[in-house]
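Read the structure below first, then the notes.
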Amino acid sequence: MDQAKTLVPYFLNLSDELIIQILHFCAYIDILRFAATSQRHHAILSNSISLKFHIELEVNGLHVVEGSRKGEATYSRLLEELICYRDAWLNLELEDPIERISNREMLLWELREGNYVVAFTSESDAAWATDSWGPDSMQLTPIGSLETPQPVTFSTFYNELTLDFEQDLVALVKTNPDNKMSLEVRLCSTTTGLPHPLARNPVFFVQVGFRIPGPGHQTFTLEVIGDILVVRIAEILDYEYEIMAWNWKSGALLCRIGSISGIADFTLLDSTHLALFSVTTDEQGPRLIALSLYSMIPHTHDETATGPYFSAMEYESAQPSLVFEFPKLDDAYQVLSRVIMRSDPIPGRTTYTKSASFAHSTALTLSIIMSLSHFSSPDMDENSVHLRIFVEAKSLLSYLLEPTGHEDTVVIPWEVWGTRATRWFLCEKQTTYWVYWTSGSRFIRVNENAHSDLDDLSVFDFHPPIVKRTSPYSNRDSTEDQMPLYKEKMRENVLNGRGLLVPHPETLDPDTSVPPSLTHTVGSDMPTVIKTGFAVPIESCLSYRVVTKPSSVPHLEDWSIDGSHIIGMMTVSAYIHSGGDRELTGISIASASTVSSTIVYFMADGTYSPDLLGIFPDELIVRILHFCDFEDILQFATTNRRCYNVVVHTISLQLHVELEANCLEIIKGSQKNNATYSLLLDELARYRDAWLDLKFETPFQQFSEERALLWDFRGGYYAVGFTSASTTTSDADSLEIIPLDSSHARSKLTLPTDFHELTFDSDQDFLVLAKVDAFKINLCSITTGLAHPLAENPMFTVQVDFPIPDPKDEPQAFTMEVMDAILVVKITDPRARKYELIAWNWKTWEPLLRVGSISGAIDFSFLQKTHLVLFSAEEKGKDLRLIELLLYSISPQISKRRKTSTLFHASDYDHAVPVLILRFPEPEKSYTVMPTISFIKSNSTPGKTVYAKSAGFAHPSSPTLGVFLSLYKSPSLHADEETARFLIVISTRYILRYLIELPDQKRSSVIPWDEWGTNATRWFVSDDNIYQWAYWMSGTRLIRVHENPVSVLRDLSILDFNSRTIRRFGSSSSEKSFGIHQPPQSDDYLKLQVLAGKGLIRSLRTNHAYPNLPELSTEVVDSEMPTIIVNGFLNPVESRLPYRKVTRTNFLPRCEDWAIYGPYIIMINTMDHGHVGLETITTYKLQT
């Protein structure tokens, strides 16, 4: 079939709403390309305000700050405001300027988030001549407000500062007058000047390995992003520097970058990465230029230094993740010591506010200032080369997203990255004023106008999406730039690197009137070539757009740009001090206006192509595939070579496939800082392979001297309930928690009440205790034993309409399970065939579900976070012969009368109605269900961690259910020879499929056995004590331990009922398989054993008389090999769920019981010595 015809229906069958949801995961350019494929797709975009807003945000490199939206901030309003902001910058539409005068003598200044901050001294002039020179106060001037807050004075002077107003944080740094190799960092409140209340160490000290120069020598640079403070200390004349990053709240040192010999500056690329522009010295001087990316989050789990004293040389220097090489210098040149790199604003900080606040998630453009000097005349400016380099940050970040396959530094040659990601300009002289001339992707430049008293204002934009969308000649009142001579002069200026000095060629005719604005776009097809200072000419092609308003601003000393403001600064007056001139500063502000406009979309060229996926880039295809089932992804990969390459070369898709194939998901928020897709995929594959081949670490053995009256096994912990020596009761009143992992500490706890049953959730510090007397429930902290602080009613009583049996006489009297905020309790008298099942939100005590019996027996398990599954046996005639699986939605129930604060009467609540009923085969008339030993288990609570490494993995739903069913032949209730015991393994994939397809109705949907049961189940018969089976299952796996007639050790078998694993791996393993060791008749023996339901015996393929089993054997039973149960039911019961059984022989010692959970197999033994029980817990952990 033609591929296009195959693909088109996938989109035709999707609703517009679903397509919009998918498109919100796509890049804006992919959305626009998609809209160009058909009229319907174009209409979807045209009619969707949220997609238009998505596009506008991404094109401008912005996002909406979380929690900043005001009540009236609809998508429509936000889109309109964002367009106004965009167009005001595109056309330089400025409001009338306002003037502000600061009467403070400026020693330092900062421009941050719409605030101009001046640092000044409150001391006498004589202090300037001492070693403690520096400001001790600051004056904040809000740019957009006429009000000026009171100045803030600190308890010490300082040499440099930086501010984060959203966190009320100012970081101050100063040198130590008594030790020129140390400095002091203070973290204060911008409001009070006092130590910041969130800082664990509001003052800390740093020792470096060189003498720190005095103020005014580019000594310090400070930046704050979120919880991270970065400080650079430099001695630029001696080519030494230190860059250190701390978590300023905890005081923990995160990263140290120390120089061997060189000069450097840094900027923040995003919330976790730092970009370092460095020049390392060789035998001639500073000549080796590079741009490196460092992670500011430590990847090791070593103990982190928390101060308050830090000696930089004691810490290992971090290694960069990526190094972007720069061109090599001409042998006659070196880099002058003053190099600067900046990107403003700090990622995540507000840059524009109206009905919501907008910020950049990452840096958009890096601005680098660098000068080269000729060795023959290093101090002669006429022989120097002054450069301004703009770097597109997105191009750097794209390399971080690519998996490298190793942890070493990756070096990217200049030829690979530099030409298209940068634009170089020549400048007339070295300057440091340009630090504040860049904001986001914009750069401001003011040039004198020889024909006017006013200067020309130009704004350059280096963000490729903005440049690409805007017309090269939009908003012009003159057509002069379209003349061939004008174009040639423009090209010549750009080619020679003079684009900043001369943004637009001057008019040829002096009598021609100058238009109010000039706009020009320099595309990537118009290169800049720098011919001086380097070994070979340097070509750069980053596109940019420049708009100029001639004769529009007054002549001022300096200009800055910040968010939606352009700021000019001018000296108003000056006065003389013995320490030198200090000027007052006036601020002239021009704010970008917000005028109405319409959105303009850059649409991809080309017409509709019938090959719908053929026009999509790989990135969009990957995003769409992430919405698909893993089998569809694999099938997609087989359609052609391009599709195959998309899947094979995309780590995120491979992780998607591996997660779904293993019925797992990554727990939200559990990823550690080093958890790349590649690392997670590798760890998940190791976990999978360890189960495939049964590879375990050396076992870990623990002992409990407490006599276990009851026990529970949850989430990597083994809990023992026992009686303390101080009590007179024979019931449990104490608890011992034994972790399966040796890295965690065990604990004991005496509780304020005795109890007969327990369950717990260590992640929530939650313990549930139940006492049969009036059935009292206590909700406690597992740490303290006290009432849980999140429980509205931590102690209450449940009243039912039948006597509750003593758990000593009836172990199945009650069962409790916890999943997140849901607590489910089952109370039953199985011999009287009475039960109540109740679910609450244990935090709010809100009733969610009640299921009560007329006459029958049940057990339950969680199916997923929204549904409960019950295994039910109800009376048919006089016997329990109607066997069903019942699915209930866990939702709030309406009570008939108001509940009290301590009593819950079950009969006050209506019976819930199951949403789905799955029928089982009917037993033979002489058989009935034995309710005391029939139950359902799935020891993988949805959403709970089953495996953790660089992230936590969980099952989003229970992948497999184990039903343990006992039938006895009336009237011989206790006659073993008349009892049939079955383990029924159920794949929940079939159940969930029915759940999705349920009709919208209030009645239960009933599915007959013949429709669902044969393919969804596999039945086994056994003579074992069925109680031991309760903990044999975890996820899709079941554990079985067999006696070995020729060894004192036992054989371990793991049965895996994940059909995806079977299809992918079959009987393969990394060790020698059983195949070459088997006698010729083994296949027939296998079929007979499976057919008879004896798949839990020692070996399917051999009998016990054949002792020469290999160390590891793997057997696969597929759906073509049925099991047929002929006893106990009216008709033979056929089941075909495939499974894979791997056995490691002569592996385990003899023990009483076994359990399996996540990466653990647990061996449990109890030995009685008088009145003392010695509990032995041996843990076998997967070798991952």
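In our numbering, the protein residues as written are 1112 to 2295. Each residue gets a CB set at the ideal place from its N, CA and C atoms; glycine is no exception. The model shown is predicted, which means the values in this text are computed figures rather than measured ones.
Residues in its own chain within less than 8 Å of residue i by CB, not counting five upstream and five downstream?
| i | result |
| --- | --- |
| L1123 | none |
| S1488 | N1494 |
| T1809 | none |
| Q1812 | T2287, I2288, T2289, T2290 |
| P1308 | S1300 |
| H1485 | A1443, Y1444, M1491, N1494, S1495 |
Got a sec? Which residues, its chain only, sit under 7 Å from residue i by beta carbon, not counting five neighbours each side?
| i | result |
| --- | --- |
| P1916 | A1924, D1940 |
| I1368 | I1354, L1387, Y1405, S1428, A1429 |
| L1134 | I1142, F1145, L1162 |
| D1088 | In the structure as shown, the chain starts at 1112 and stops at 2295, and residue 1088 therefore has no counterpart that could be examined. |
| K2198 | M2232 |
Between the beta-carbon of residue i and the beta-carbon of residue j, is there less than 8 Å?
| i | j | result |
| --- | --- | --- |
| I1994 | S2116 | no |
| K1806 | L2293 | yes |
| R1556 | L1498 | no |
| T1549 | R1453 | yes |
| E2222 | T2256 | yes |
| E1277 | K1285 | no |
| W1951 | L1934 | yes |
| I1160 | S1187 | yes |
| A1772 | V1758 | no |
| W1535 | G1608 | yes |
| S1662 | N1558 | no |
Looking only at its chain, what residues have a beta carbon closer than 6 Å to the beta carbon of residue i, apart from the 5 residues adjacent to it on each side?
| i | result |
| --- | --- |
| T2295 | R1797, Y1798, A1801 |
| D1442 | none |
| K2252 | S2164, L2166, E2226 |
| P1409 | L1365 |
| L2014 | T1908 |
| T2056 | G2063, A2065 |
| D1990 | T2039 |
| S2049 | S1972, S2069, L2072 |
| L1351 | The displayed chain sequence assigns Glu, not Leu, to residue 1351. Within the same chain, E1351 has close Cβ partners F1321, S1370. |
| S1126 | none |
Since residue i contacts residue j with CB under 8 Å, what's their CB separation in whole angstroms?
| i | j | result |
| --- | --- | --- |
| K1660 | D1567 | 7 Å |
| T2071 | S2098 | 6 Å |
| F1316 | E1271 | Not quite, the Cβ-Cβ distance comes to about 16 Å (not below 8 Å), so this is no contact. |
| S1361 | R1311 | 5 Å |
| E1221 | L1283 | Their Cβ separation, rounded to whole angstroms, is 12 Å, which puts E1221 and L1283 out of contact at 8 Å. |
Just to confirm the assignment, what range does the alpha helix (DSSP H) spanning residue i have?
| i | result |
| --- | --- |
| V1757 | 1752-1759 |
| W1528 | 1525-1532 |
| S2164 | Segment 2161-2167 is the beta strand (DSSP E) holding S2164; no alpha helix (DSSP H) there. |
| M1292 | Counting along the chain, M1292 falls outside any alpha helix (DSSP H), though it belongs to the beta strand (DSSP E) covering 1290-1300. |
| L1364 | First-last for L1364: 1364-1369, but that is the beta strand (DSSP E), not the alpha helix (DSSP H). |
| I1131 | 1127-1134 |
| Y1350 | Careful: Y1350 lies outside any alpha helix (DSSP H) and carries neither H nor E. |
| N1889 | Careful: N1889 lies outside any alpha helix (DSSP H), inside the beta strand (DSSP E) at 1887-1892. |
With residue i as the anchor, note down where its beta strand (DSSP E) starts and where it stops.
| i | result |
| --- | --- |
| Q1261 | Taken as a continuous stretch (DSSP letters only), Q1261 belongs to no beta strand (DSSP E), as it is neither H nor E. |
| C1195 | Note, C1195: premise wrong, no beta strand (DSSP E); alpha helix (DSSP H) at 1186-1202. |
| A2266 | 2264-2268 |
| K2252 | 2250-2259 |
| E1603 | Premise fails: E1603 lies in the alpha helix (DSSP H), 1595-1606, not in any beta strand (DSSP E). |
| T2071 | 2071-2080 |
| P1575 | Per DSSP, P1575 belongs to no beta strand (DSSP E); it is in the alpha helix (DSSP H), 1575-1580. |
| E2226 | 2223-2228 |
Three Cβ pairs or more, each shorter than 8 Å: is that satisfied between the region 1759-1771 and the region 1782-1791? Three or more beta-carbon pairs separated by less than 8 Å link the region 1759-1771 to the region 1782-1791, which places the two stretches in contact.
Just checking, does the region 1191-1201 make contact with the region 1165-1174 on the three C-beta pairs under 8 Å criterion? yes
Using a Cβ distance threshold of 8 Å, determine whether the region 1892-1909 contacts the region 1949-1961, with at least three qualifying pairs required. Cβ pair count under 8 Å is three or more, so yes.
Do the region 1852-1867 and the region 1929-1947 meet, that is, are 3 or more Cβ pairs less than 8 Å apart? The region 1852-1867, when compared against the region 1929-1947, does not touch it at the 8 Å Cβ threshold.
Three Cβ pairs or more, each shorter than 8 Å: is that satisfied between the region 2141-2160 and the region 2262-2269? yes
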